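Worksheet: the structure to be examined is printed underneath.
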Amino acid sequence: MRYKKLRFGGRSASFILVVLGIIAVVNFISARHFGRVDLTESKVFSISDSTKEILRGLDDVVNVNVYISKKLPPHLIGLKRQIQDILDEYKAYSGGKLKVRFIDPQGDPKEEERARFLGIPQVQLQVIEKDQAQVMNAYLGIAVLYADKKEVIPVIRGVENLEYDLTAAILKVTSEEERVIGFLSGHNERDPFDEEVNGCSLIREELERQYRVRKVDTTKGGKIPEDIDTLIIAGPEKLSDWDKFQIDQFIMRGGRAIFLIDPIKLEFGLFATPLDTGLEDMLRHYGVKLGRNLVLDRINTNASFRTGFITYSVPYPFWVKVVRSGLNREHVVTSELEDIILPWTSTVDLDLKEGSDVKGEVLAKSSKFSWTVTSPYNLSPNQNFALTIKEMKPHPLIVALSGKFKSFFADKPVPKPEGEEGEKNEGKKSEKEPEVIKECQKETQILVVGNSHFIANNFVSQFPENRDFFLNAVDWMTLGEKLIGIRSRQVTDRPLKRISEAGKNAVKWGCTLAIPILVAIGGVLRFWWRKFYLRARLAR
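Numbering (our numbering), first residue to last: 779 to 1318.
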């Protein structure tokens, strides 16, 4: 008996030693040779095809200096390894053109001075040591250097946005010329330098990570500069023929334009009046018909309203939520987005002439539960919206056009500028009139949205998906498809699929009754099984 116990104990000890040995060998091998499998839907932990293409196209050495302290708080210890993993992939696809250095400037006055010169600050991080909260200084930044140009990521907060930030920095320093985005001004448009709720400074800050942003004023005889790559017309109130002529000729020269046209002018107290910008006939000529209406949708988002001292939030059909099923999955601008919020928006229909060289696509449309209303507008959230429904169907809300456009002014006289410059030029009869470019010199793009509120600061801060859509549109027009695939993978919102009332009731009663019914069925089956089993035993 004792011998059997000893033999059994020996076998158990041997088995444990073998298992421990296998674990030790596996750990030893995996520490030196490891692989990763990214099982996420959008491959958020792998670098995108867009990044790989940019890295393969590098024509000279790009230096990436990672300024990161060796001593970090426990919650950031894995950050350095994650950064290193990402940069290892970058190096692998760069063909040796990407050089990476990890530098700890602390304790090295020269490196600390260089980090400060590059714009990488020393940040204060809170740590818990010996049950006490303490503050420690550390570096967590990246500098991308190419020739005499540099781009800096001052502080790395995490790896979620690191690929986009890093690839955008590489693309910016390696580009031969700086791209310029212009915002039309002088007609009460949304101001990219206005930090109030109705401005669009948050969009401008995002754009400045990759482009130079400036305002363009065509009033008083002003012209659109030649260096503008993409022009944004965001919520103008009234444009003159001279303004329209400048936009038209900009497009004819091959410039790209984004039209964000509001159908109404919001007044105090949720009153609204129809807005005629003067662009309707020119856009119709290009192939887009702006609706004189507002779209409402049962698939919408909540809006907050204030009554006296009380603020309340309710579903608001005027704030249309375009979900995945309403987004064009074939177009690069919207293919990876989950939703867009369009407040107080109008329909935007394609109206291309037969035989036109221009191709049009609907990028976003409302759901089949949407309808339209016309003036006079009642924007109150407390009304009975069911009374406004005439016909529910999907409506196009965003369209994109590509091709060689024909000038709106091809058969029209050149308009005279208004204001001071126009008055100065009136007496100059000998001055030659500007020549009209009657057709696009090269293929270009136009994008039209029946709304400009969605890029305002208050909406961008609430709905970051609006920012992603708009930046995708600008990138598509200005850079092509290089950065869109990276940004779109950051979108994680997964709106629930809308189901009918019958479906809701089925789920509710199913959850309520299913378990008791299953228990009852199980009990009956158990009863019959016991009865059959006992009979069988008695029979034997």
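Ideal Cβ placement from N, Cα and C applies to all residues, glycine included. Note that the structure is predicted; figures quoted are calculated from it, not measured.
Option in V1136, K875, S953, H1063 with minimal Cα separation from S1185
H1063
Report all residues from its chain with a CB closer than 6 Å to the CB of V951; omit the five preceding and five following residues, and keep chain order.
V922, Y924, K927, E929
For L798, count neighbouring C-beta atoms within 10 Å of its own C-beta (all shown protein chains included) and say buried if the count is 16 or more, exposed if not.
exposed
Grab the span of the beta strand (DSSP E) containing Y1090 for me, first residue to last.
1088–1101
Distance, Cα to Cα, V1286 vs L1053?
A quick correction: the sequence has Lys, not Val, at residue 1286. When rounded, the distance between both Cα atoms is 46 Å.
What runs of the beta strand (DSSP E), each 3 residues or longer, lie entirely inside the region 824–899?
840–846, 876–881
Tell me, please, whether the region 837–852 touches the region 962–981 by the rule of three or more beta-carbon pairs shorter than 8 Å.
no
M1060 - DSSP class collapsed to helix/strand/coil
helix
Based on the DSSP secondary-structure assignment, which residues constitute the bridge partners of Q902?
N915
Among I1215, A1164, A1298, S1180, which has the Cα closest to the Cα of A1188?
I1215
Tell me the DSSP secondary structure of W1122 in three-state form.
coil
Rounded distance between the beta-carbons of E941 and T1085, thought under 8 Å
Between E941 and T1085 the Cβ distance is about 45 Å, and since that is not below 8 Å, they are no contact.
How about Q902 and N915: do their beta carbons lie closer than 7 Å?
yes
Answer yes if the region 1025–1043 comes into contact with the region 1003–1017, meaning at least three C-beta pairs across the two stretches below 8 Å, and no otherwise.
yes
In chain order, what residues of the same chain have a beta carbon less than 7 Å from the beta carbon of D1129, not counting five sequence neighbours either side?
R1062, G1065, V1066, K1067
Let me know the secondary structure DSSP gives L1048 once reduced to three states.
coil
With DSSP run on the structure shown, which of helix, strand or coil describes K1182?
coil
Pick helix, strand or coil for Y1155, following the three-state DSSP scheme.
strand
Three-way DSSP call (helix, strand, coil) for R968 in this model
coil
For the structure I just gave you, are there three or more beta carbon pairs, one from the region 1071–1081 and one from the region 1134–1142, closer than 8 Å?
no
Ignore the nearest five residues each way along the sequence and tell me which others in A1050's own chain have a CB closer than 7 Å to its CB.
I1042, K1043, L1044, Y1155, L1157
Can you confirm whether W1306, when its beta carbon is compared against all beta carbons of chain C, has any partner nearer than 7 Å?
In the displayed structure, chain C is absent; only one protein chain is listed.
Would you decide whether E967 is buried or exposed? Buried here means 16 or more other CB atoms lie within 10 Å of its CB.
buried
With a CB to CB cut of under 8 Å and the five nearest residues on each side skipped, what residues in its chain are close to A1234?
R968, V975, N976, G977, C978
So I1029 packs on F1183, CB below 8 Å; how close in whole Å?
6 Å
Other residues of its chain near S1134: CB distance less than 8 Å, five sequence neighbours each side excluded
G1065, G1181
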